[in-house]
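Down below is the structure, laid out as C-alpha coordinates.
Below is the structure:
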(Lines of atoms letter the chains of each structure in order from A; the text may use other names.)
(Lines give C-alpha, C1' and ligand atoms only; values in the text may rest on other atoms or scores of the structure.)
Protein backbone atom coordinates (compact mmCIF):
# COMPACT_ATOMS: atom_id res chain seq x y z
CA UNK A 1 0.00 0.00 0.00
CA UNK A 2 1.40 3.41 -0.96
CA UNK A 3 2.11 5.93 1.77
CA UNK A 4 -0.40 8.75 2.04
CA UNK A 5 1.10 12.06 1.00
CA UNK A 6 0.50 15.42 2.65
CA UNK A 7 -1.47 17.65 0.28
CA UNK A 8 -0.07 21.17 0.39
CA UNK A 9 -1.51 24.54 -0.51
CA UNK A 10 0.70 27.61 -0.85
CA UNK A 11 -0.68 31.01 0.17
CA UNK A 12 1.26 33.54 -1.93
CA UNK A 13 3.81 33.43 -4.71
CA UNK A 14 6.69 34.84 -2.65
CA UNK A 15 10.13 33.95 -3.99
CA UNK A 16 11.04 32.00 -0.84
CA UNK A 17 8.20 29.65 -1.74
CA UNK A 18 10.19 28.43 -4.73
CA UNK A 19 12.69 26.83 -2.34
CA UNK A 20 9.92 25.12 -0.43
CA UNK A 21 8.26 23.97 -3.65
CA UNK A 22 11.46 22.01 -4.24
CA UNK A 23 11.53 20.86 -0.61
CA UNK A 24 8.04 19.39 -0.86
CA UNK A 25 9.03 17.60 -4.05
CA UNK A 26 12.19 16.16 -2.48
CA UNK A 27 10.42 15.12 0.73
CA UNK A 28 8.84 12.10 -0.92
CA UNK A 29 5.78 12.41 1.31
CA UNK A 30 4.14 15.57 0.01
CA UNK A 31 2.51 17.05 -3.05
CA UNK A 32 1.47 20.62 -3.82
CA UNK A 33 -2.18 20.73 -4.83
CA UNK A 34 -2.76 24.45 -5.29
CA UNK A 35 -1.11 27.87 -5.13
CA UNK A 36 -3.12 31.01 -4.35
CA UNK A 37 -2.49 34.62 -5.23
CA UNK A 38 -4.68 37.69 -5.39
CA UNK A 39 -4.66 37.21 -9.17
CA UNK A 40 -5.02 33.77 -10.71
CA UNK A 41 -2.74 34.68 -13.62
CA UNK A 42 0.07 35.51 -11.22
CA UNK A 43 -0.34 32.18 -9.44
CA UNK A 44 -0.33 30.35 -12.77
CA UNK A 45 2.85 32.09 -13.94
CA UNK A 46 4.56 31.20 -10.66
CA UNK A 47 3.46 27.56 -10.94
CA UNK A 48 4.74 27.42 -14.52
CA UNK A 49 8.12 28.78 -13.48
CA UNK A 50 8.49 26.36 -10.57
CA UNK A 51 7.28 23.41 -12.65
CA UNK A 52 9.89 24.12 -15.31
CA UNK A 53 12.59 23.37 -12.73
CA UNK A 54 10.91 20.86 -10.40
CA UNK A 55 7.76 19.27 -11.88
CA UNK A 56 5.15 17.30 -9.97
CA UNK A 57 3.32 14.37 -11.55
CA UNK A 58 0.18 16.50 -11.45
CA UNK A 59 0.61 20.22 -11.91
CA UNK A 60 -0.76 22.27 -8.99
CA UNK A 61 -3.82 24.40 -9.63
CA UNK A 62 -3.72 28.19 -9.66
CA UNK A 63 -6.30 29.73 -7.32
CA UNK A 64 -7.49 33.31 -7.13
CA UNK A 65 -7.75 34.47 -3.54
CA UNK A 66 -6.50 32.95 -0.31
CA UNK A 67 -9.98 32.22 1.04
CA UNK A 68 -10.71 30.06 -1.99
CA UNK A 69 -7.67 27.90 -1.30
CA UNK A 70 -8.52 27.50 2.39
CA UNK A 71 -12.05 26.42 1.47
CA UNK A 72 -10.79 23.41 -0.50
CA UNK A 73 -11.18 19.97 1.03
CA UNK A 74 -8.25 18.46 -0.88
CA UNK A 75 -5.59 20.33 1.12
CA UNK A 76 -4.17 19.08 4.42
CA UNK A 77 -1.59 21.77 5.18
CA UNK A 78 -0.74 25.28 4.05
CA UNK A 79 2.55 27.07 3.71
CA UNK A 80 2.28 30.81 4.41
CA UNK A 81 5.12 33.07 3.22
CA UNK A 82 2.94 36.18 3.23
CA UNK A 83 4.42 39.39 4.68
CA UNK A 84 4.60 39.48 8.47
CA UNK A 85 2.17 42.40 8.58
CA UNK A 86 -0.67 40.19 7.29
CA UNK A 87 0.58 36.72 8.23
CA UNK A 88 -1.27 36.38 11.52
CA UNK A 89 -4.68 36.87 9.92
CA UNK A 90 -4.14 34.11 7.38
CA UNK A 91 -2.45 31.70 9.76
CA UNK A 92 -5.49 31.94 12.04
CA UNK A 93 -7.88 31.53 9.10
CA UNK A 94 -5.94 28.48 7.93
CA UNK A 95 -6.18 26.87 11.36
CA UNK A 96 -9.89 27.63 11.55
CA UNK A 97 -10.27 25.94 8.16
CA UNK A 98 -8.72 22.80 9.61
CA UNK A 99 -5.37 23.07 7.84
CA UNK A 100 -2.01 22.40 9.43
CA UNK A 101 0.12 25.55 9.30
CA UNK A 102 3.73 26.18 8.31
CA UNK A 103 4.51 29.89 8.22
CA UNK A 104 7.64 31.82 7.46
CA UNK A 105 9.44 33.70 10.15
CA UNK A 106 8.99 35.94 11.95
CA UNK A 107 5.68 34.31 12.83
CA UNK A 108 4.16 37.60 13.98
CA UNK A 109 4.91 41.24 14.62
CA UNK A 110 4.98 40.58 18.38
CA UNK A 111 4.46 37.81 20.90
CA UNK A 112 0.73 38.56 21.18
CA UNK A 113 0.23 37.73 17.50
CA UNK A 114 2.15 34.47 17.80
CA UNK A 115 0.08 33.50 20.83
CA UNK A 116 -3.09 34.14 18.81
CA UNK A 117 -1.86 31.81 16.07
CA UNK A 118 -0.91 29.08 18.53
CA UNK A 119 -4.25 29.37 20.31
CA UNK A 120 -6.12 29.04 17.00
CA UNK A 121 -4.08 25.97 16.05
CA UNK A 122 -4.64 24.38 19.47
CA UNK A 123 -8.37 25.02 19.29
CA UNK A 124 -8.59 23.53 15.79
CA UNK A 125 -6.36 20.57 16.63
CA UNK A 126 -3.86 21.30 13.87
CA UNK A 127 -0.08 21.42 13.91
CA UNK A 128 1.94 24.63 13.73
CA UNK A 129 5.53 25.00 12.54
CA UNK A 130 7.68 27.96 11.59
CA UNK A 131 10.19 28.22 8.77
CA UNK A 132 13.45 27.96 10.72
CA UNK A 133 15.18 25.38 8.56
CA UNK A 134 18.31 24.74 10.63
CA UNK A 135 16.22 23.21 13.42
CA UNK A 136 15.94 20.09 11.24
CA UNK A 137 19.66 19.74 10.53
CA UNK A 138 21.56 16.68 11.75
CA UNK A 139 24.38 19.03 12.72
CA UNK A 140 22.38 20.20 15.72
CA UNK A 141 22.49 16.71 17.23
CA UNK A 142 26.27 16.70 16.97
CA UNK A 143 26.49 20.22 18.38
CA UNK A 144 24.27 19.32 21.33
CA UNK A 145 26.56 16.43 22.16
CA UNK A 146 29.57 18.75 22.07
CA UNK A 147 27.84 21.24 24.35
CA UNK A 148 26.88 18.62 26.92
CA UNK A 149 29.84 16.22 27.00
CA UNK A 150 32.23 18.76 28.53
CA UNK A 151 34.74 18.58 25.69
CA UNK A 152 34.76 22.37 25.20
CA UNK A 153 34.35 23.29 28.83
CA UNK A 154 31.59 25.26 30.51
CA UNK A 155 29.42 27.51 28.38
CA UNK A 156 29.90 31.16 29.28
CA UNK A 157 29.26 33.23 26.16
CA UNK A 158 27.38 32.89 22.85
CA UNK A 159 28.08 35.20 19.91
CA UNK A 160 26.48 35.17 16.47
CA UNK A 161 26.08 37.34 13.39
CA UNK A 162 23.87 37.19 10.31
CA UNK A 163 24.04 39.89 7.66
CA UNK A 164 24.10 40.73 3.97
CA UNK A 165 24.44 43.92 1.95
CA UNK A 166 21.08 44.41 0.26
CA UNK A 167 22.14 47.07 -2.24
CA UNK A 168 20.08 49.87 -3.73
CA UNK A 169 17.54 47.65 -5.54
CA UNK A 170 16.82 45.83 -2.29
CA UNK A 171 16.48 49.03 -0.30
CA UNK A 172 13.98 50.56 -2.70
CA UNK A 173 11.99 47.56 -3.89
CA UNK A 174 12.03 44.75 -1.32
CA UNK A 175 9.08 44.22 1.03
CA UNK A 176 11.53 43.95 3.94
CA UNK A 177 12.04 47.70 3.57
CA UNK A 178 8.34 48.54 4.15
CA UNK A 179 7.18 49.06 7.72
CA UNK A 180 3.59 47.94 7.11
CA UNK A 181 4.72 44.67 5.50
CA UNK A 182 7.87 43.81 7.48
CA UNK A 183 8.05 46.18 10.46
CA UNK A 184 10.81 44.20 12.18
CA UNK A 185 13.24 44.62 9.29
CA UNK A 186 16.56 42.84 9.74
CA UNK A 187 15.64 41.86 13.30
CA UNK A 188 12.71 39.76 12.10
CA UNK A 189 14.33 38.50 8.92
CA UNK A 190 17.83 37.69 10.21
CA UNK A 191 17.91 38.26 13.96
CA UNK A 192 15.14 35.68 14.35
CA UNK A 193 17.73 33.02 13.52
CA UNK A 194 20.29 34.43 15.96
CA UNK A 195 17.79 34.51 18.80
CA UNK A 196 16.43 31.06 18.00
CA UNK A 197 19.94 29.61 18.02
CA UNK A 198 20.73 31.27 21.35
CA UNK A 199 17.59 29.79 22.88
CA UNK A 200 18.37 26.37 21.43
CA UNK A 201 21.87 26.44 22.91
CA UNK A 202 20.33 27.28 26.29
CA UNK A 203 17.83 24.44 25.90
CA UNK A 204 15.06 27.05 25.66
CA UNK A 205 15.65 28.56 29.07
CA UNK A 206 14.36 32.11 28.80
CA UNK A 207 16.78 34.97 29.46
CA UNK A 208 16.33 36.93 32.67
CA UNK A 209 17.00 40.19 30.84
CA UNK A 210 17.41 41.40 27.26
CA UNK A 211 18.56 44.57 25.58
CA UNK A 212 18.67 45.67 21.99
CA UNK A 213 19.50 48.65 19.86
CA UNK A 214 18.60 49.60 16.31
CA UNK A 215 21.93 50.89 15.05
CA UNK A 216 20.55 52.16 11.76
CA UNK A 217 17.12 52.33 10.17
CA UNK A 218 15.84 53.11 6.69
CA UNK A 219 12.78 52.68 4.51
CA UNK A 220 11.85 52.53 0.88
CA UNK A 221 10.11 55.60 -0.51
CA UNK A 222 6.54 54.32 -0.04
CA UNK A 223 7.03 53.10 3.54
CA UNK A 224 5.42 55.17 6.33
CA UNK A 225 8.22 54.43 8.81
CA UNK A 226 11.77 53.17 8.98
CA UNK A 227 12.59 49.53 9.63
CA UNK A 228 15.69 48.18 11.41
CA UNK A 229 18.57 47.90 8.94
CA UNK A 230 21.26 47.12 11.50
CA UNK A 231 20.60 45.76 14.99
CA UNK A 232 22.55 44.42 17.95
CA UNK A 233 21.17 42.58 20.94
CA UNK A 234 22.21 41.07 24.25
CA UNK A 235 20.59 38.27 26.25
CA UNK A 236 21.40 37.57 29.88
CA UNK A 237 20.70 34.10 31.25
CA UNK A 238 20.96 32.49 34.66
CA UNK A 239 24.36 31.09 35.69
CA UNK A 240 25.91 34.24 34.20
CA UNK A 241 25.71 33.00 30.60
CA UNK A 242 25.45 35.90 28.15
CA UNK A 243 24.70 36.04 24.43
CA UNK A 244 25.20 38.75 21.85
CA UNK A 245 24.02 38.90 18.27
CA UNK A 246 24.31 41.23 15.30
CA UNK A 247 22.14 41.36 12.19
CA UNK A 248 22.13 43.73 9.24
CA UNK A 249 20.96 44.45 5.70
CA UNK A 250 23.93 46.80 5.27
CA UNK A 251 27.13 44.86 5.84
CA UNK A 252 29.00 42.05 4.13
CA UNK A 253 27.61 38.52 4.03
CA UNK A 254 28.27 36.68 7.27
CA UNK A 255 26.62 33.75 9.03
CA UNK A 256 28.27 32.61 12.23
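Numbering (UniProt numbering), first residue to last: 1 to 256.
Note that beta-carbon positions come from the ideal geometry of N, C-alpha and C, so glycine has one too.
As the structure is a computational prediction, the values presented were derived from the model and not from experiment.
In this structure, does DSSP put residue 18 in helix, strand or coil?
Residue mapping note: residue 18 aligns to position 18 of the chain shown, counting from 1. Looking at residue 18 - three-state DSSP - the assignment turns out to be helix.
Pull up the distance between the alpha-carbon of residue 116 and that of residue 79, whole angstroms please.
Residue mapping note: residue 116 aligns to position 116 of the chain shown, counting from 1. Residue mapping note: residue 79 aligns to position 79 of the chain shown, counting from 1. Their backbone Cα atoms lie some 18 Å apart in a straight line.
Out of 133, 103, 217, 198, state which residue places its alpha-carbon closest to the alpha-carbon of residue 185.
Here residue 185 refers to the residue found at position 185 of the chain shown. Nearest C-alpha to residue 185: 217.
Could you check whether residue 71 and residue 92 sit closer than 8 Å to each other, using their CB atoms as the reference points?
Reading the chain shown from its first residue, position 92 is the one you call residue 92. Reading the chain shown from its first residue, position 71 is the one you call residue 71. Result no, Cβ atoms of residue 92 and residue 71 do not sit closer than 8 Å.
Have a look at 27, 18, 22, 68 and flag the residue whose alpha-carbon is nearest the alpha-carbon of residue 45.
As a first step, residue 45 is located in the chain shown; it is residue number 45 there, counting from the start. Checked all of 27, 18, 22, 68; the closest Cα to residue 45 is 18.
Can you name, in chain order, every residue of its own chain whose Cβ lies under 7 Å from the Cβ of residue 194, other than the five neighbours on each side?
Translated into positions along the chain shown, residue 194 becomes position 194. Here the set comprises 160, 162, 245, 247.
Among residues of its own chain, excluding the 5 on either side of residue 101, which ones have a beta-carbon nearer than 8 Å to its beta-carbon?
The count along the chain shown starts at 1 and reaches residue 101 at position 101. Contacts found: 77, 78, 80, 91, 94, 95, 117, 121, 126, 127, 128, 129.
Return the residue from the list 132, 205, 165, 84 that minimises the CA-CA distance to residue 110.
Within the chain shown, numbered from 1, the residue matching residue 110 stands at position 110. Among 132, 205, 165, 84, the Cα nearest to that of residue 110 belongs to 84.
Residue 256 to residue 202, Cα distance in whole Å?
Residue numbering aside, residue 256 sits at position 256 when the chain shown is read from its first letter. Residue numbering aside, residue 202 sits at position 202 when the chain shown is read from its first letter. When rounded, the distance between both Cα atoms is 17 Å.
Report the partner residues of residue 30 according to the DSSP bridge assignment.
The sequence position of residue 30 within the chain shown is 30, counting from 1. Beta-bridge pairing links residue 30 to 6.
Across which residues does DSSP place residue 157 in a beta bridge pair?
Residue numbering aside, residue 157 sits at position 157 when the chain shown is read from its first letter. DSSP lists 242 as partners of residue 157.
Give me, in chain order, the residues of the same chain whose beta-carbon lies closer than 6 Å to that of residue 210; leave out the 5 immediate sequence neighbours on both sides.
Taking the first residue of the chain shown as 1, we reach residue 210 at position 210. The answer, listed in chain order, is 235.
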